[in-house]
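Engineer: Note that our numbering numbers the sequence shown so that position 259 is 259, with each residue one more than the last.
Glycine included, C-beta positions come from ideal geometry on N, C-alpha and C.
The model shown is predicted, which means the values in this text are computed figures rather than measured ones.
Would you mind keeping the following structure in view while I ask a few things?
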Amino acid sequence: MRTSSKKDARRALKPVHVLRSDQFTPATLRKLFRLADSYERRLDQDPMGVRNDFPGHILVNTFYEPSTRTRMSFALAASHLGLVVHGTENAREFSSAIKGESDQDTARILASYRPSILVVRHDQDVGPAHMAEVSRVPVINAGAGKGEHPTQALLDLYTIVKKKGRIDGLVIAIGGDLKHGRTARSLAFMLCKYRPAKLIFVAPASMQIGKDVLGCLEKAGISYERTADLCRALPYADVVYWTRVQKERMSKKAYARVRDRFIIGPPEMALMKEDAILMHPLPRHREVRKEVDDDPRAWYFEQAKNGLYIRMALIAMLLTGTLRLPP
Ligand code: NCD
């Protein structure tokens, strides 16, 4: 039996972990997007046709926070590719976390059962990175606290590129709860790698985007504006990316103050450009009215669908060793 922790540490350095959106370069993203396109085509042609791509591999989903799209699209992406999927939802209650086991112990054990990939959603910003430190297999951050959600940013960026053909030169408005929402943060970090014309962050001061994101934009020379006024953003944006107020991450009082601000309904859609798109990572609550769903610019269901193809591509690149990311 090996007990050397130094050896363990060296081994644990080897796997490629997907933890933050700044790990991705435009070149890596181009490869990933091409592969995602090909998986969509292949599934369209024959839904069973990709099942033999990675037989025998195993993906483990460990979700400490609720999820519909991320968990299911990882599971379905893996199943389409021929992997076997195991795991737990509500890991805070359904795993030994409830007995006080640390997430690093959990990660060490799960990884030692030799899955090919460990997907982790965590309630702490550093959770997945912490688990990756002791994992001998790749860990994918599937959303961590108020920190990052890099695979959501992958599918968001993919959706924009698919629909608009580019990122460079676009005005992108990102609105809602930008302080507690990890998807807005990860998307903005990823946009730092491109040359959008401008980012407009639409939120009240109490929910505005973090200084770390602004620092990244400044370093990249990307201009940005912060406003609480929808009229200063919607008419100029090529992409409107709206997000939910993260009720579970604030006090009841704070939620009551902000919950009805920043709602997009038909009057707000009327302010938007004819060829703009409205995106949302979902789930939506009240911030995007249902009446908007039939507007051809409402693109959130297409966006969610792209999550399947992007996660298939991500899994495939990890398993073929073609995903090269900095730690
Ligand atoms: C988001 C999340 O979990 O961060 N959902 C998702 O993964 N698509 C957004 C949210 O919860 O508001």
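For a test of your reading of the model: does the CB of residue 282 fall under 8 Å from any non-hydrogen atom of ligand 1? Yes or no.
Structural biologist: What you label residue 282 is simply residue 282 of the sequence shown in a count that begins at 1. Indeed, a heavy atom of ligand 1 lies less than 8 Å from the Cβ.
Engineer: Does ligand 1 have a heavy atom nearer than 8 Å to the CB of residue 65?
Structural biologist: In the sequence shown, residue 65 corresponds to position 65, counting from 1. Yes; taking the cut-off as 8 Å, the Cβ of residue 65 has a heavy atom of ligand 1 nearer than that.
Engineer: Quick one: is the Cβ of residue 181 within less than 8 Å of any heavy atom of ligand 1?
Structural biologist: Residue 181 sits at position 181 when you count from the first residue of the sequence shown. Checking every heavy atom of ligand 1 against the Cβ of residue 181, one is found closer than 8 Å.
Engineer: Looking at ligand 1, does it come within less than 8 Å of residue 243, judged from the CB to the closest heavy atom?
Structural biologist: Position 243 of the sequence shown, counting from 1, holds the residue named residue 243. It does: the Cβ of residue 243 is within 8 Å (strictly closer) of some heavy atom of ligand 1.
Engineer: Among all the DSSP beta bridges, which residues are the ones paired with residue 58?
Structural biologist: If you number the sequence shown from 1, residue 58 lands on position 58. DSSP output for residue 58 lists 84 as bridge partner(s).
Engineer: Taking a contact to mean a Cβ-Cβ separation below 9 Å, would you say residue 243 touches residue 181 in this structure?
Structural biologist: Residue 243 sits at position 243 when you count from the first residue of the sequence shown. Residue 181 sits at position 181 when you count from the first residue of the sequence shown. Contact flag set, yes.
Engineer: Among the candidates 313, 82, 311, whose CA atom is the shortest distance from the CA of residue 58?
Structural biologist: Your numbering for residue 58 matches position 58 in the sequence shown. Looking at the Cα atoms, 82 is the closest of the given residues.
Engineer: Cβ-heavy atom distance between residue 143 and ligand 1 below 8 Å?
Structural biologist: Taking the sequence shown and counting its residues from 1, one reaches residue 143 at position 143. Yes, ligand 1 has a heavy atom inside 8 Å of this Cβ.
Engineer: Could you check the C-alpha separation between residue 247 and residue 284 for me, to the nearest Å?
Structural biologist: As a position in the sequence shown, residue 247 is number 247, starting the count at 1. As a position in the sequence shown, residue 284 is number 284, starting the count at 1. C-alpha separation (whole angstroms): 12 Å.
Engineer: Whole angstroms are fine: how far does the CA of residue 204 sit from the CA of residue 223?
Structural biologist: Locating residue 223 in the sequence shown gives position 223, where the first residue counts as 1. Locating residue 204 in the sequence shown gives position 204, where the first residue counts as 1. So the alpha carbons of these two residues sit roughly 19 Å apart.
Engineer: Could you give the DSSP three-state label for residue 33: helix, strand or coil?
Structural biologist: For the purposes of this step, residue 33 is taken as the residue at position 33 of the sequence shown. It is helical.
Engineer: Under 8 Å: does the beta carbon of residue 328 sit that close to some heavy atom of ligand 1?
Structural biologist: Residue numbering for the chain in the displayed model covers 1 to 327; residue 328 lies beyond these limits and cannot be assessed.
Engineer: Measuring straight from C-alpha to C-alpha, what distance separates residue 14 and residue 185?
Structural biologist: As a working note, residue 14 is residue 14 in the sequence shown. As a working note, residue 185 is residue 185 in the sequence shown. Taking the straight line joining both Cα atoms gives about 27 Å.
Engineer: Helix, strand or coil: how does DSSP classify residue 16 here?
Structural biologist: Here residue 16 refers to the residue found at position 16 when the sequence shown is read from its first residue. Three-state result, residue 16: coil.
Engineer: Are residue 43 and residue 80 close, meaning C-beta to C-beta below 9 Å?
Structural biologist: Reading the sequence shown from its first residue, position 43 is the one you call residue 43. Reading the sequence shown from its first residue, position 80 is the one you call residue 80. Yes. Within cutoff.
Engineer: Check whether the Cβ atoms of residue 315 and residue 54 sit closer than 9 Å, and answer yes or no.
Structural biologist: Taking the first residue of the sequence shown as 1, we reach residue 315 at position 315. Taking the first residue of the sequence shown as 1, we reach residue 54 at position 54. Yes. Within cutoff.
Engineer: Is DSSP giving residue 90 helix, strand or coil here?
Structural biologist: On the sequence shown, position 90 is the one that residue 90 refers to. Coil, per DSSP.
Engineer: Can a CB atom of chain B be found closer than 9 Å to the CB of residue 85?
Structural biologist: Any reference to chain B falls outside this structure, which holds one protein chain only.
Engineer: Buried or exposed: where does residue 152 fall if 16 or more other Cβ atoms within 10 Å of its Cβ makes it buried?
Structural biologist: Within the sequence shown, residue 152 is the residue found at index 152, counting from 1. Answer is buried; the Cβ neighbour count reaches 16.
Engineer: Is the distance from the Cβ of residue 318 to the Cβ of residue 21 below 9 Å?
Structural biologist: Your numbering for residue 318 matches position 318 in the sequence shown. Your numbering for residue 21 matches position 21 in the sequence shown. For residue 318 and residue 21, no; Cβs fall outside 9 Å.
Engineer: Our contact map puts residue 209 next to residue 178 with C-beta atoms below 8 Å; I'd like the distance itself, whole angstroms only.
Structural biologist: One-based indexing of the sequence shown puts residue 209 at position 209. One-based indexing of the sequence shown puts residue 178 at position 178. Correct: roughly 4 Å between the Cβ atoms.
Engineer: What is the DSSP secondary structure of residue 313, counted as helix, strand or coil?
Structural biologist: Residue numbering aside, residue 313 sits at position 313 when the sequence shown is read from its first letter. Residue 313 falls in the helix class under three-state DSSP.
Engineer: Mind checking whether the beta-carbon of residue 208 lies closer than 8 Å to any heavy atom of ligand 1?
Structural biologist: Position 208 of the sequence shown, counted from the first residue, corresponds to residue 208. Outside the cutoff, so no.
Engineer: Starting from the C-beta of residue 130, find all residues in its chain whose C-beta is less than 7 Å away, skip the five residues before and the five after it, and write them out in chain order.
Structural biologist: Mapped onto the sequence shown, residue 130 falls at position 130. Hits under 7 Å: 103, 104.
Engineer: The alpha helix (DSSP H) that contains residue 189, what's its start and end?
Structural biologist: Working through the sequence shown from its first residue, we reach residue 189 at position 189. Counting along the chain, the alpha helix (DSSP H) containing residue 189 begins and ends at 182-191.
Engineer: Report buried or exposed for residue 298, applying the criterion of at least 16 other Cβ atoms within 10 angstroms of its Cβ.
Structural biologist: On the sequence shown, residue 298 is found 298 positions in, with the first residue counted as 1. Classification for residue 298: buried.
Engineer: Under the DSSP definition of a beta bridge, which residues are partnered with residue 298?
Structural biologist: On the sequence shown, residue 298 is found 298 positions in, with the first residue counted as 1. Residue 298 is bridged to 278.
Engineer: Roughly how many whole angstroms lie between the Cα atoms of residue 85 and residue 267?
Structural biologist: Numbered from its first residue, the sequence shown carries residue 85 at position 85. Numbered from its first residue, the sequence shown carries residue 267 at position 267. One C-alpha to the other measures close to 44 Å.
Engineer: Buried or exposed: where does residue 71 fall if 16 or more other Cβ atoms within 10 Å of its Cβ makes it buried?
Structural biologist: Along the sequence shown, read from residue 1 onward, the residue named residue 71 stands at position 71. Residue 71 should be labelled buried.
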